[in-house]
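K.L.:
So the protein sequences, as listed, match chains A and B.
Heads up, the first sequence is in numbering that gives the first Met the number 0, so the first residue is 0 and it goes up one at a time.
Heads up, the second sequence is in numbering that gives the first Met the number 0, so the first residue is 0 and it goes up one at a time.
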Amino acid sequence: MMDNPQDQQDDTPQKKEAVPGLEDVLPLNAAMFESDEILPVPFSVDISEPQYKHIRLLERMLAQENEGTPPPAQPPKAEYHPDSFQRFLRLAIGVILILTISINILYSNRSPSAVLAVPGEITQTRMILRGLSSESMVLVAFDYEPGFSAEMEPLAAAVFQDILTTQAVPVILSTSPLGTLQAARLMQKIQPPTARQPIYLGYLPGGAAGLMSLTNSLRNTFPLDVDGESPWLPDSANPKLQAINSIADFAAVIVLSADAENARNWLEQVQPALNKTPFIFALSAQAAPLIRPYLSGNQLQGMIGGVIGAHAYQEPKQPNAMLQMTWDGFAAGVWVAVAFIVCGSGISLVLLSDPARKKRRKQRQKRRLP
Amino acid sequence: MTRWITPISTAIATGVGIIVLVGYFVPAAWILDLRALFLRWAVILAGLTLLVGIFNLLAVHGRKVYSLNKESWSSLALIIALVGTAGVIAWQQTHSAAALWILNWILIPAESSLMAVLAVILIYAAARLLYRRKTVFSVIFLVTVVIVLSGSVPFWGTFIPFVHDRLLGWIISVPAMAGARGLLLGMALGIIATGIRLLTGNQHPYDG
């Protein structure tokens, strides 16, 4: 390179200056890069104590740059692992819940416990269902998934006990593919041999559009029942169905639903066509609060919400067997949950008030950040 | 091809939507009949989509079985379960003893177990809420949860007097009702906005 005559003769400002094009900004002095020693500064500089500390720190950092990479630090053997403790806590909650509920179900005396304050809508539902006769046809929609059976079945059993006692005929449909099976399962459990056989219309697809179609034309929406026969013919198993031409001809419409969205579809699409036919909802505890505003707006004539609603609905003198079996276990499970929440919150507050623990927790959180 | 399909599908969807909507306001017989026809078609189509979904599921898991990797076994189990259940229901009746056996011993235990795990996780999350997020709203939330739960069920056969008959009723009928009404209004406005967008052709989810 040095032999190149062009390089030797290159005397342009770009070669003389460190910042090309800007003269005298940063003079290019070759001697600065040839010596390892720091050149003496020809003037004195006053530096403060923090500045001096920063310079020392920078020097140490530069010195460490040339050293080898230290081996990764091994975690101390007795380090606290929050994840394993949390796993233990979840397991403990699960085991205690299972034990408490199981013991209460197995050793429950199944006698009626404390009497609940009965809300007005439940009294209204009782009056409507107990006012049915053997001539009545009641449309019942089973709209819950198998996961909700534990909650919904005692509720459905409480309602069906009254329907079957009055000898009214339930006409069953579902907007869930498994609804008809759920209904058959319930009937198998609670139906006395003398009770009237229900009519299974089957599955109604299409969500809100399906319900709208049901409202417009009941017979066209369900030309056949689940057995593949027409339930509307005079020689069918239930000739009383001949009197039913629209959804408003039923003595009552009851919807058993675990989902607020489905329940809302029923209210929006079916309720306006019902005229004076009572409309009753039996809902899971999660769906009931969202549907309650429709009750106060008089779009519903009755509502039962969750296992607690079913417990309030049943007569203390004639308790529902399915409900009694689970009620004590349910109550015990709720109290265990309350105890865990109260204790957990109390312990959390105590732990958060300890400054050393608070500091450690923040450090752990920082370490977890990417 | 897509260039031609999009305007046609938009026109069909908008036209059908407008006819169904007009049916609510104008009780003319021909509009009501047309609306009823469209709704019946919608019900049949919805039933068919369920079938299409099942065939798609079969195809996806069939490919996984064929590829012979780690997921092949679970895919094979799914296909056997699906075909087996469909066979049982087709051979017997929808509410036959065999179908009930599948519901009682497979579907309900499996889904109920998931709900039970959810209950444990919810209790755990509520117990640790203050540790993770110590705010005024967390405290209000936890106090409400404790009041609602403890007011709903008896303790050793007796309801807690003031909590059960006053506080619980007030929470259900005032703050919970207000929140539910707010949610319902919000949902209604959202549905109206989406409906208008669909009817005016600004949104077309049917393009695929």
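For every residue, glycine included, the Cβ atom is placed at its ideal position computed from N, Cα and C.
Taking the alpha-carbon positions, what's the B/R127 to A/I340 distance?
P.N.:
The straight-line gap from Cα to Cα measures roughly 8 Å.
K.L.:
Tell me the residue span of the alpha helix (DSSP H) that contains A/D258.
P.N.:
Taken as a continuous stretch (DSSP letters only), A/D258 belongs to no alpha helix (DSSP H), as it is neither H nor E.
K.L.:
At 4 residues or longer, what runs of the alpha helix (DSSP H) sit wholly inside the region 141-174 of chain A?
P.N.:
Taking only runs of at least 4 residues, the alpha helix (DSSP H) segments lying wholly in the region 141-174 of chain A are 148-164.
K.L.:
Specify, as a first and last residue, the run of the alpha helix (DSSP H) that A/A336 falls within.
P.N.:
Looking at the DSSP string, the run of the alpha helix (DSSP H) that includes A/A336 is 320-352.
K.L.:
With the cut-off set at 8 Å, would you say A/L351 and A/K358 are in Cβ contact?
P.N.:
Cβ distance not < 8 Å, so A/L351 and A/K358 don't count as in contact.
K.L.:
Kindly list the residues whose CB is nearer than 6 Å to the CB of B/G156, restricted to its own chain and excluding five residues on each side of it in sequence; keep chain order.
P.N.:
Closer than 6 Å at Cβ, skipping near neighbours: no residue.
K.L.:
Is A/T99 close to chain C, meaning its C-beta is less than 8 Å from at least one C-beta of that chain?
P.N.:
Any reference to chain C falls outside this structure, whose protein chains are A and B.
K.L.:
Using a Cβ cut-off of 7 Å, which residues of the region 129-148 of chain B contact any Cβ in chain A, in chain order?
P.N.:
For the region 129-148 of chain B, which is checked against every Cβ of chain A, the residues closer than 7 Å are L129, Y130, K133, L141, V144, V145, L148.
K.L.:
As a quick exercise: from A/T99, A/T124, A/L266, pick the residue whose alpha carbon is nearest that of A/G301.
P.N.:
Comparing Cα positions, the closest option is A/T124.
K.L.:
Assign A/E314 to one of three DSSP states: helix, strand, or coil.
P.N.:
Here A/E314 sits in strand by DSSP.
K.L.:
Could you compute how far the alpha carbon of A/F159 sits from the alpha carbon of A/S148?
P.N.:
About 15 Å.
K.L.:
Which first and last residues belong to the beta strand (DSSP E) in which A/F280 is found?
P.N.:
It spans 278-282 - the beta strand (DSSP E) in which A/F280 sits, taken as one unbroken run.
K.L.:
Would you mind sorting B/A109 into buried or exposed? The rule is 16 or more other CB atoms within 10 Å of its CB.
P.N.:
The residue in question, B/A109, is exposed, as its Cβ has fewer than 16 Cβ neighbours within 10 Å.
K.L.:
Looking at A/I162: is its Cβ nearer than 8 Å to the Cβ of A/L131?
P.N.:
Cβ distance < 8 Å, so A/I162 and A/L131 count as in contact.
K.L.:
Where does B/L197 fall in DSSP's three states?
P.N.:
DSSP places B/L197 in helix when its eight states are reduced to three.
K.L.:
State the beta-bridge partners of A/V139 as determined by DSSP.
P.N.:
BP columns for A/V139 point to A/I171, A/I253.
K.L.:
At a Cβ threshold of 8 Å, is B/N55 touching chain A?
P.N.:
No, B/N55 lies away from the interface with chain A (no Cβ there is under 8 Å from its Cβ).
K.L.:
Between the C-alpha atoms of A/A30 and A/L56, what's the straight-line distance to the nearest angstrom?
P.N.:
Residue confidence is low: A/A30 scores 49 on pLDDT, short of 50, so the model does not pin down where it sits. Its coordinate-derived value is still stated next. Taking the straight line joining both Cα atoms gives about 27 Å.
K.L.:
Using DSSP with H/G/I as helix, E/B as strand and the rest coil, what is A/Y199?
P.N.:
Three-state result, A/Y199: strand.
K.L.:
On the three-state DSSP scale, how would you describe A/G301?
P.N.:
Note: A/G301 maps to strand in three-state DSSP.
K.L.:
Taking one C-beta from the region 269-277 of chain A and one from the region 206-225 of chain A each time, how about it: are there three or more such pairs within less than 8 Å?
P.N.:
Verdict: yes, contact present.
K.L.:
CB-CB under 8 Å to A/A182, same chain, minus the five flanking residues each way: which ones, in chain order?
P.N.:
Hits under 8 Å: V139, F141, I171, S173, P197, Y199.
K.L.:
Could you have a look at A/K357 and say whether DSSP puts it in helix, strand or coil?
P.N.:
In this structure, A/K357 counts as helix in the three-state DSSP scheme.
K.L.:
What runs of the alpha helix (DSSP H), each 4 residues or longer, lie entirely inside the region 175-228 of chain A?
P.N.:
178-189, 207-215, 217-220, all fully within the region 175-228 of chain A.
K.L.:
Within 7 Å: the Cβ of B/T93 and any heavy atom of the ligand SAH?
P.N.:
With respect to the ligand SAH, the structure offers nothing, as it holds no ligand at all.
K.L.:
Distance, Cα to Cα, A/M60 vs A/H53?
P.N.:
One C-alpha to the other measures close to 10 Å.
K.L.:
Going by DSSP, which residues form a beta bridge with B/F154?
P.N.:
Beta-bridge pairing links B/F154 to B/T157.
K.L.:
What does the Cβ neighbour count give for A/D82, buried or exposed, with the cut at 16 atoms within 10 Å?
P.N.:
Its Cβ having fewer than 16 others within 10 Å, A/D82 is exposed.
K.L.:
Beta carbons nearer than 8 Å to chain B: which residues of the region 292-315 of chain A have them?
P.N.:
Listed by position, the residues of the region 292-315 of chain A near chain B (Cβ gap below 8 Å) are P292, S295, I307.
K.L.:
Within 10 angstroms of the Cβ of B/I7, are there 16 or more other Cβ atoms? Answer buried if so, exposed if not.
P.N.:
Classification of B/I7: exposed, given that the 10 Å Cβ count is below 16.
K.L.:
Only counting the same chain, and skipping five residues up and downstream in sequence, which positions put a Cβ closer than 8 Å to that of B/H203?
P.N.:
Here the set comprises T5, S8, T9, A12, L197.
K.L.:
Is there contact between the region 228-240 of chain A and the region 277-284 of chain A, where contact requires at least three CB pairs shorter than 8 Å?
P.N.:
Too few Cβ pairs lie closer than 8 Å, so no.
K.L.:
When you compare the CB of B/A80 with every CB in chain A, is at least one pair closer than 8 Å?
P.N.:
Taking Cβ atoms only, chain A never reaches closer than 8 Å to B/A80, which makes this a no.
K.L.:
How would you list, in chain order, the residues of chain B whose beta-carbon sits under 9 Å from the beta-carbon of A/S256?
P.N.:
Per Cβ cutoff of 9 Å: no residues; A/S256 is ~15 Å from chain B at best.
K.L.:
By DSSP, does A/E120 sit in helix, in strand, or in coil?
P.N.:
If DSSP states are grouped into helix, strand and coil, A/E120 belongs with the helices.
K.L.:
Any idea if A/I279 is buried or exposed, counting beta-carbon neighbours within 10 angstroms, 16 or more meaning buried?
P.N.:
By the neighbour-count rule (16 or more Cβ atoms within 10 Å), A/I279 is buried.
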